[in-house]
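Peer 1:
2 protein chains.
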Amino acid sequence: MSDLLERLRGRGWRMTAQRRVVAEVLDGDHVHLTADEVHARAADKLPEISRATVYNTLGELVSLGEILEVSTDHRAKRYDPNAHRPHHHLVCARCGAIRDVHPTGNPLTSLPDSERFGFTVEGVEVTYRGVCPSCAAA
Amino acid sequence: MSDLLERLRGRGWRMTAQRRVVAEVLDGDHVHLTADEVHARAADKLPEISRATVYNTLGELVSLGEILEVSTDHRAKRYDPNAHRPHHHLVCARCGAIRDVHPTGNPLTSLPDSERFGFTVEGVEVTYRGVCPSCAAA
DNA sequence: TCCTACAATGGACTCTGTCTAAGTCAAGTA
DNA sequence: TACTTGACTTAGACAGAGTCCATTGTAGGA
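Chains S and X are the protein sequences, given in the same order. For the first sequence, counting from 1, position 46 maps to 47 in this note's numbering; every step adds exactly one. For the second sequence, counting from 1, position 120 maps to 121 in this note's numbering; every step adds exactly one.
As structure tokens, then:
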């Protein structure tokens with residue numbers, strides 16, 4: 002956390018109250034907030050923060066590789082502070098809850114050359130879908 | 002194709018000119034059109050078709066399991082008529098070209114119980130990202 | 001042919017996200 | 001500490017994708 006702020010400052014990132022609260026909101030495991038949710042939480046601490054600033058800051062954190070953009074549904078993008086350990090996502094089809102997961106093996110190797118159509122394959126995203134325990138109980 | 006129309010009629014789907022042209026537009030391999038593209042192509046054959054009708058029809062075809070919704074970028078959803086053979090997608094990071102691919106193995110088995118958080122896992126989507134031959138050459 | 005329930009229409013509306021012009025301020029300099 | 005400047009923030013307009021709804025049209029059964 003303050004690690005994050007230190008790293009950013011070290012990279013010459015100009016520190017402002019707005020950027021600090023956005024970075025603070027994005028902390029923890031299994032955190033996957035939409036831009037609007039980030040804005041709402043940031044506004045709790047800094048009421049006058051604008052939507053544009055939140056979007057700008059999120060965009061910069063993504064460019065810096067400090068957070069990841071995730072889109073598990075077909076709606077708003079979500080932002081995942083867990084950018085330093087590779088992982089995939091498990092999503093509840095009913096409530097949208099998201100967990101970070103670490104499958105075994107390397108999914109990249111499962112795509113044979115004959116299925117690559119001449120592409121240079123650089124990455125892979127895996128999204129597991131199912132029903133979470135709370136929704137299954139309900 | 003007319004298979005599709007036959008199947009739909011057999012399910013009691015009321016056939017209209019609009020539904021027919023939407024179904025006709027969605028035919029072929031490696032077809033991944035946005036709703037707007039479907040609308041544009043449908044309008045070539047039936048100029049007065051409305052956007053709302055295209056959205057309604059696409060939504061119904063998805064519910065019926067005849068086409069798949071795909072979102073490989075964070076923009077518009079795309080519709081994939083290849084719903085009857087399981088497959089995943091390979092996407093060019095530069096131009097957005099999409100190919101249907103068939104990885105080896107079953108990606109579902111790569112998620113150990115300890116990483117399932119009590120979820121009932123039902124499906125998995127895999128999106129490979131890379132650079133297509135034309136973009137690599139350019 | 002007539003009826004009626006279902007489908008299509010178009011326009012307003014919502015939700016996400018981007019852009020811009022003007023004002024503000026962090027941090028380096030003296 | 002005060003000054004300066006370019007980067008940051010703001011509010012609001014704008015744009016793209018998709019949904020909703022009241023009205024109009026029509027497929028297909030009687």
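In this text, a Cβ means the ideal position worked out from N, Cα and C, and glycines have one as well.
1) State yes or no: is the C-beta of X/F120 within less than 8 Å of the C-beta of S/C133?
2) Tell me which same chain residues have a C-beta within less than 6 Å of the C-beta of S/N1, skipping the five on either side of it?
3) Have a look at X/R15 and X/K46 and give me their C-alpha separation to the nearest angstrom.
4) Go through its chain and collect everything with a Cβ distance to X/E40's Cβ below 8 Å, but skip five positions before and after it.
5) Would you kindly work out how many angstroms separate the C-alpha atoms of X/L9 and X/K78, rounded to a whole number?
6) Using the DSSP secondary-structure output, state which residues sit across from S/S89 in a beta bridge.
7) Applying a beta-carbon distance threshold of less than 9 Å, which residues of chain S neighbour X/C93?
8) Spell out the partners DSSP gives S/D114 in its beta bridges.
9) What residues from the region 107-118 of chain X come within 8 Å of chain S, judged by C-beta to C-beta, listed N to C?
10) Mark S/P108 as exposed unless 16 or more other C-beta atoms lie within 10 angstroms of its C-beta, in which case mark it buried.
11) So that I know if they touch, is there some Cβ in chain X lying closer than 8 Å to that of S/H33?
Peer 2: Result, derived from the coordinates:
1) Counted from its first residue, the second sequence places residue 120 of chain X at position 119. Counted from its first residue, the first sequence places residue 133 of chain S at position 132. For X/F120 and S/C133, yes; Cβs fall inside 8 Å.
2) Residue 1 of chain S is absent from the structure shown; chain S starts at 2 and stops at 139.
3) The sequence position of residue 15 of chain X within the second sequence is 14, counting from 1. The sequence position of residue 46 of chain X within the second sequence is 45, counting from 1. Their Cα atoms are separated by approximately 19 Å.
4) On the second sequence, residue 40 of chain X is found 39 positions in, with the first residue counted as 1. The identity of residue 40 of chain X in the sequence shown is His, whereas the question assumes Glu. Around X/H40: I50, R52 and V55.
5) Sequence index remark: in the second sequence, residue 9 of chain X carries index 8 (1-based). Sequence index remark: in the second sequence, residue 78 of chain X carries index 77 (1-based). Roughly 23 Å between the two C-alpha positions.
6) By 1-based counting over the first sequence, the position of residue 89 of chain S is 88. Inspection of the sequence shows that residue 89 of chain S is occupied by His rather than by Ser. S/H89 is bridged to S/V102.
7) As a working note, residue 93 of chain X is residue 92 in the second sequence. Within chain S, the residues near X/C93 are F120.
8) By one-based count along the first sequence, residue 114 of chain S stands at place 113. Paired residue(s): none; S/D114 is not in a bridge.
9) Those would be P108, L109, S111, L112, P113, E116, R117 and F118, in chain order.
10) Looking up residue 108 of chain S in the first sequence gives position 107. With 16 or more other Cβ atoms within 10 Å, it is buried.
11) Your numbering for residue 33 of chain S matches position 32 in the first sequence. Not an interface residue.
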